[in-house]
Amino acid sequence: MLGIGIMKGLVETARNFFGSYTSKQRLTTVQFPDERLLQPEATRVFPFLVYDTDDWEKGLRCVACKICEVECPPRCISITKSADKKPDYSGIYSGKPQFYPEKFDIDVSVCMSCQICVEVCPFEAIKMDNAFELSTDDRFGGLLWQKERLAKPNSYYQAIHPTDAAESDAALAEKKAKAEAKPAAAAKPAPEKAGAATER
Amino acid sequence: MSPETANLEEITERAAPGRGVVEPVPPVNAEGEQLLEVSMGPHHPSTHGVFRMNVVLEGEQVVRLKPVFGYLHRNHEKIAENAAYLAAIPYTDRLDYLCSMTNNWGYALAVEKLAGIGVPERAEYIRVIVGELTRLQNHAALIGFLMQDMGMSGTPLMYAFREREKILDLFESLSGARMMCNYMRFGGVRVDTSAEWLRQTRDLVGEFPRFLDEFESLLMGNEIIMGRAQGVGVLSPELAVSAGVSGPMLRASGVNYDVRKVDGYGVYDRFSFRVPLGDHGDVYDRYMMRVLEMRESVKILEQALRDIPAGPIMDPKARLRGLRPKAGEAYGRIESPKGELGFYLISDGTGNPYRYRVRSPSLINLTILEDMCLGRSVADVVVILGSVDIVLGEVDR
Numbered sequence: 021m022l023g024i025g026i027m028k029g030l031v032e033t034a035r036n037f038f039g040s041y042t043s044k045q046r047l048t049t050v051q052f053p054d055e056r057l058l059q060p061e062a063t064r065v066f067p068f069l070v071y072d073t074d075d076w077e078k079g080l081r082c083v084a085c086k087i088c089e090v091e092c093p094p095r096c097i098s099i100t101k102s103a104d105k106k107p108d109y110s111g112i113y114s115g116k117p118q119f120y121p122e123k124f125d126i127d128v129s130v131c132m133s134c135q136i137c138v139e140v141c142p143f144e145a146i147k148m149d150n151a152f153e154l155s156t157d158d159r160f161g162g163l164l165w166q167k168e169r170l171a172k173p174n175s176y177y178q179a180i181h182p183t184d185a186a187e188s189d190a191a192l193a194e195k196k197a198k199a200e201a202k203p204a205a206a207a208k209p210a211p212e213k214a215g216a217a218t219e220r
Numbered sequence: 047m048s049p050e051t052a053n054l055e056e057i058t059e060r061a062a063p064g065r066g067v068v069e070p071v072p073p074v075n076a077e078g079e080q081l082l083e084v085s086m087g088p089h090h091p092s093t094h095g096v097f098r099m100n101v102v103l104e105g106e107q108v109v110r111l112k113p114v115f116g117y118l119h120r121n122h123e124k125i126a127e128n129a130a131y132l133a134a135i136p137y138t139d140r141l142d143y144l145c146s147m148t149n150n151w152g153y154a155l156a157v158e159k160l161a162g163i164g165v166p167e168r169a170e171y172i173r174v175i176v177g178e179l180t181r182l183q184n185h186a187a188l189i190g191f192l193m194q195d196m197g198m199s200g201t202p203l204m205y206a207f208r209e210r211e212k213i214l215d216l217f218e219s220l221s222g223a224r225m226m227c228n229y230m231r232f233g234g235v236r237v238d239t240s241a242e243w244l245r246q247t248r249d250l251v252g253e254f255p256r257f258l259d260e261f262e263s264l265l266m267g268n269e270i271i272m273g274r275a276q277g278v279g280v281l282s283p284e285l286a287v288s289a290g291v292s293g294p295m296l297r298a299s300g301v302n303y304d305v306r307k308v309d310g311y312g313v314y315d316r317f318s319f320r321v322p323l324g325d326h327g328d329v330y331d332r333y334m335m336r337v338l339e340m341r342e343s344v345k346i347l348e349q350a351l352r353d354i355p356a357g358p359i360m361d362p363k364a365r366l367r368g369l370r371p372k373a374g375e376a377y378g379r380i381e382s383p384k385g386e387l388g389f390y391l392i393s394d395g396t397g398n399p400y401r402y403r404v405r406s407p408s409l410i411n412l413t414i415l416e417d418m419c420l421g422r423s424v425a426d427v428v429v430i431l432g433s434v435d436i437v438l439g440e441v442d443r
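Encoded structure:
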């Protein structure tokens with residue numbers, strides 16, 4: 021009989037409508053922004069620069085090797101390397117002085133949140149943030165983030181991505197232990213700097 | 047003469063000497079009566095993006111249809127040719143933005159062929175799992191959009207998006223992004239799946255048939271759908287094959303061709319699944335293909351989630367940076383939800399491809415739009431276009 025199929029469909033919509041009062045499965049919406057869903061740990065939005073200790077300028081892990089600048093697909097990172105070296109304030113480069121970024125800009129209006137800068141960074145210096153409410157009324161300056169804005173402490177990274185941060189800390193500790201063991205055994209220069217120079 | 051003062055004759059003379067100004071000729075029928083020419087799109091809600099059709103109408107009937115595209119052209123191929131092999135992966139996400147996982151897979155497959163990189167067992171299984179999840183969410187969304195094109199005011203679309211949301215949540219907790227996943231790498235995948243993620247996926251796959259049943263009782267046998275879809279936009283198997291149509295559209299016309307079966311890329315030869323085939327090649331068959339394919343995808347997912355082995359997820363020889371394949375060429379193709387998605391790469395031994403070409407199923411499936419629409423009304427054109435399943439990011443690139 022004509023109309024049976026339509027009636028069946030209407031029964032289904034009615035079941036969904038009345039079911040939404042009792043079943044959480046059928047009512048999946050939340051009242052944003054009063055209610056918020058928890059972000060998964062892996063969520064990524066824009067990159068930030070990790071620093072150790074409590075001084076962002078001295079403790080910045082970035083050594084301005086420019087790998088991320090070259091590998092960034094939309095080329096949204098711009099780095100100027102410093103002329104002088106800063107002391108190893110955070111103690112992750114086995115006491116050797118390092119270059120630092122004089123300028124580290126990310127144009128977040130160009131960034132496409134692909135995470136490739138994080139993957140290619142050999143120094144665990146750049147990581148993905150999960151803050152997403154970032155609108156601004158200044159479309160030029162407000163979207164070009166300088167290193168002052170990008171720098172976030174390692175404790176922040178540990179708070180937003182606990183699993184990844186634990187891995188990253190372990191990798192750094194291992195690297196440090198290796199670097200300390202090497203000169204003690206053979207009195208050679210630390211291998212990580214030589215590696216960084218060839219990779220550049 | 048300066049450009050400001052040049053008139054139409056002078057501009058034409060400069061562009062094509064001796065040709066003269068060609069006045070646009072209004073379309074006429076055999077009796078010499080003027081026909082109506084309608085420009086549908088690029089901002090028409092039924093065109094699934096920025097796509098335009100120049101439709102010539104005689105009364106209600108379509109007598110000519112010219113698709114116009116290029117509004118979303120982003121120079122994808124040339125960008126990829128000027129970047130490292132790695133840097134093209136996030137751009138492939140943006141081709142068919144509903145199915146970023148399968149786009150990644152097609153490109154990774156081509157680079158793996160080019161550079162001779164293997165893929166570990168576990169990574170192959172993860173690829174199958176995320177690829178089939180992508181197929182589920184694409185087909186669910188497509189049916190929703192198709193129903194909206196038929197005027198079903200959003201209910202099927204909302205139900206489909208409710209399910210798609212769950213799959214996107216899985217993608218987000220795995221890769222960090224809901225749609226632009228950027229998940230696969232040459233030689234494997236980027237992050238391993240946790241036991242928790244696999245458990246959630248098993249739950250979802252176990253629940254999914256219930257949604258399909260609900261969808262079926264909502265839509266199956268609906269007289270309005272049958273009236274709008276059956277016998278509309280018939281595509282003959284001969285025309286489909288000669289035009290290079292692929293995917294569910296080709297199979298709706300009754301041609302048994304599925305790259306998963308004929309190529310057996312990845313580990314697809316290990317799973318038992320059927321390839322649903324249509325009879326009539328009309329809009330209804332194309333819609334049914336998607337419903338049946340979702341059922342088959344659920345079967346594949348169940349098998350893959352049961353058999354997934356432990357082990358590494360990246361080939362130890364694979365390198366992220368500085369990949370320089372030997373000079374040569376490779377074509378990697380997969381069965382994306384929309385059809386055969388192929389990436390053709392030529393390497394000249396440097397760090398970026400010499401030629402990078404995407405064979406996008408949406409564009410090629412769109413070429414026979416006019417043949418399907420002739421003699422139908424404008425309302426049918428909307429439904430036929432909806433059943434082709436295009437994403438303009440892939441058509442225009």
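Chain order of the listed sequences is A and B. In terms of the numbering used here, the first sequence opens at residue 21 and continues consecutively. In terms of the numbering used here, the second sequence opens at residue 47 and continues consecutively. Glycine included, C-beta positions come from ideal geometry on N, C-alpha and C.
Worksheet item: At least one CB of chain A closer than 7 Å to the CB of B:ASN228: is that the case?
Response: So, interface residue.
Worksheet item: Under 7 Å, do A:LEU192 and A:GLU144 count as touching if we go by C-beta distance?
Response: Taking 7 Å as the Cβ cut-off, A:LEU192 and A:GLU144 qualify as a contacting pair.
Discussion item. Within a Cβ cutoff of 7 Å, which residues of the same chain sit near A:CYS96, ignoring the five residues on either side of it in sequence?
Written reply: Answer for A:CYS96: ILE126, ASP127, VAL130, CYS131, listed in chain order.
Item to complete: Just confirm the distance between the C-beta atoms of B:ILE346 and B:PHE317, as a whole number of angstroms; I'd bet it's less than 8 Å.
Response: Indeed they touch by this definition, with Cβ atoms about 5 Å apart.
Worksheet item: Under a three-way DSSP split, which group does B:PRO166 fall into?
Response: Correct three-state label for B:PRO166: coil.
Item to complete: Determine, using beta-carbon pairs with one atom in the segment 89–99 of chain B and one in the segment 69–77 of chain B, whether at least three such pairs fall under 8 Å.
Response: Because the criterion of three Cβ pairs below 8 Å is not met, the segment 89–99 of chain B and the segment 69–77 of chain B do not touch.
Worksheet item: Looking only at C-alpha atoms, which of B:ASP442, B:ALA286, B:TRP151 sits nearest to B:ARG231?
Response: Nearest in C-alpha terms to B:ARG231, of all of B:ASP442, B:ALA286, B:TRP151, is B:TRP151.
Fill in: Inter-residue Cα distance where the pair is B:LEU409 and B:VAL109
Looking at the backbone, the Cα of B:LEU409 and that of B:VAL109 are separated by about 22 Å.
Worksheet entry | Chain-ordered neighbours of A:SER195 on chain B, where CB pairs are closer than 9 Å | With the sequence shown as reference, residue 195 of chain A is identified as Lys, and Ser is not the correct amino acid for it. For A:LYS195, no chain B residue has a C-beta closer than 9 Å to its own C-beta; the minimum C-beta separation is roughly 18 Å.
Worksheet item: Just the Cα atoms here: how many angstroms apart are B:TYR311 and B:GLU253?
Response: Distance between B:TYR311 and B:GLU253, taken at the CA atoms: about 28 Å.
Worksheet item: Could you check where the beta strand (DSSP E) with A:MET148 kicks off and where it finishes?
Response: Start and end: 146–148.
Item to complete: Tell me, please, whether the segment 391–408 of chain B touches the segment 124–138 of chain B by the rule of three or more beta-carbon pairs shorter than 8 Å.
Response: Yes: the two stretches touch, three or more of their Cβ pairs being nearer than 8 Å.
Worksheet item: Given a limit of 9 Å on CB to CB distance, which residues of the segment 256–270 of chain B reach chain A?
Response: Taking 9 Å as the upper bound on Cβ-Cβ separation, chain A lies near residues GLU260, PHE261, SER263, LEU264, LEU265, MET266, GLY267, ASN268, GLU269, ILE270 of the segment 256–270 of chain B.
Discussion item. Pop quiz: A:LYS106 and A:ALA84 are said to be a contact at Cβ under 8 Å. What is the actual Cβ separation, rounded to whole angstroms?
Written reply: By a beta-carbon distance limit of 8 Å, A:LYS106 does not contact A:ALA84. Their separation comes to about 11 Å.
Fill in: Cross-strand partners of B:SER423 (DSSP beta bridge)
Note: B:SER423 sits in a beta bridge opposite B:GLN107.
Item to complete: Could you name the residues of the same chain whose beta carbon sits closer than 6 Å to that of B:ASP394, not counting the 5 residues immediately before and after it, in chain order?
Response: ALA373, TYR400.
Discussion item. Which same chain residues end up closer than 7 Å to B:HIS185 when comparing Cβ atoms and leaving out the 5 residues on each side of it in sequence?
Written reply: Only ARG336, GLU339, MET340, PRO383 meet the Cβ criterion.
Worksheet entry | Min CB distance A:THR33 to chain B below 7 Å | By this cut-off, A:THR33 is an interface position.
Fill in: Residues that B:ALA129 contacts on chain A, provided the C-beta gap is smaller than 7 Å
Correct list: PRO93.
Worksheet item: Do B:GLY357 and B:GLU167 come within 7 Å of each other at the CB atom, strictly closer than that value?
Response: Yes, these two residues count as a Cβ contact at 7 Å.
Discussion item. Against chain A, with Cβ distances strictly below 7 Å, would B:PRO371 count as a contact?
Written reply: False, the Cβ-Cβ gap to chain A never drops below 7 Å.
Practice prompt. Indicate the three-state DSSP secondary structure (helix, strand or coil) for A:MET27 in the structure shown.
Written response: Here DSSP, grouped into helix, strand and coil, assigns A:MET27 to helix.
Fill in: chain A contacts made by the segment 199–215 of chain B, where a contact means CB separation under 8 Å
Cβ contacts with chain A come from THR201, TYR205, ARG208, GLU211, ASP215.
Discussion item. Tell me the residue span of the beta strand (DSSP E) that contains B:SER85.
Written reply: Where B:SER85 is concerned, the enclosing beta strand (DSSP E) stretches over 82–86.
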